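Here the structure is laid out as C-alpha cells; the discussion comes afterwards.
Residue numbers (our numbering): 277 to 417.
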C-alpha cells in the first residue's frame, strides 16, 4: 500500500503544470518596457488635464486603454522573471499597480477630476522605484 501511494504521488508530481518561471519569458528588455510601455502610458495619466481634455468616446477609450496597460505593466514588473527582489521592488511595483488600477477605474467612469487627483500617487510610484533601482537617478555629478 505504501508503494502504491508513493507511485501515485510521483505520478501526480509529473502531471502537475510546469513552474511559473518556465512559462514566463521576457520579450523586451527592462529599458524597453520602461521607455516603450510605462513611460508613454504614465504620461497620458500625468498630463490628462493639459492641452486638450478628453472629450470624445475615442479620447476616453484611449485613456482607459493606456491606464489598463499601465496597471498591467506593473504586473509584468512583479513577474519573477523581471522582479529585482521581493522587497522594495515589489512595493514599488504595487504602488504603480494601485495608481494604474485607479486610473483605469476613473477613465472607465470618465472621471477627469479623479484622474487628475492621481498625479501625486503615480509620481510617488515612479520616483520611488527610480530612487531605488535607477543608477544615478537624482544624483548630482
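Cβ coordinates follow ideal geometry from the N, Cα and C atoms, glycine included. Quantities reported herein were computed from a predicted structural model and do not represent experimental measurements.
Indicate whether residue i and residue j have their beta-carbon atoms separated by less than 7 Å.
{"i": "residue 369", "j": "residue 353", "result": "yes"}
Specify the secondary structure class of residue i as computed by DSSP and reduced to three states.
{"i": "residue 332", "result": "coil"}
{"i": "residue 357", "result": "coil"}
{"i": "residue 303", "result": "coil"}
{"i": "residue 413", "result": "coil"}
{"i": "residue 325", "result": "coil"}
{"i": "residue 387", "result": "coil"}
Tell me the rounded alpha-carbon separation between residue i and residue j.
{"i": "residue 359", "j": "residue 324", "result": "29 Å"}
{"i": "residue 350", "j": "residue 327", "result": "27 Å"}
{"i": "residue 399", "j": "residue 379", "result": "13 Å"}
{"i": "residue 396", "j": "residue 329", "result": "19 Å"}
{"i": "residue 382", "j": "residue 317", "result": "15 Å"}
{"i": "residue 408", "j": "residue 310", "result": "15 Å"}
{"i": "residue 404", "j": "residue 343", "result": "19 Å"}
{"i": "residue 301", "j": "residue 411", "result": "25 Å"}
With respect to the alpha helix (DSSP H) encompassing residue i, which residues constitute its N-terminal and C-terminal limits?
{"i": "residue 376", "result": "364-384"}
{"i": "residue 306", "result": "306-309"}
{"i": "residue 319", "result": "315-322"}
{"i": "residue 407", "result": "395-409"}
Candidates the options: which alpha carbon is nearest residue i's?
{"i": "residue 332", "options": "317, 384, 307", "result": "384"}
{"i": "residue 298", "options": "311, 356, 392", "result": "356"}
{"i": "residue 339", "options": "401, 402, 404, 391", "result": "391"}
{"i": "residue 394", "options": "361, 373, 337, 362", "result": "373"}
{"i": "residue 321", "options": "307, 377, 404", "result": "377"}
{"i": "residue 387", "options": "314, 336, 319, 302", "result": "336"}
{"i": "residue 364", "options": "402, 414, 375", "result": "402"}
Does residue i have its Cβ less than 7 Å from a Cβ in chain B?
{"i": "residue 405", "result": "Absence of chain B from the displayed structure is noted, only one protein chain being present."}
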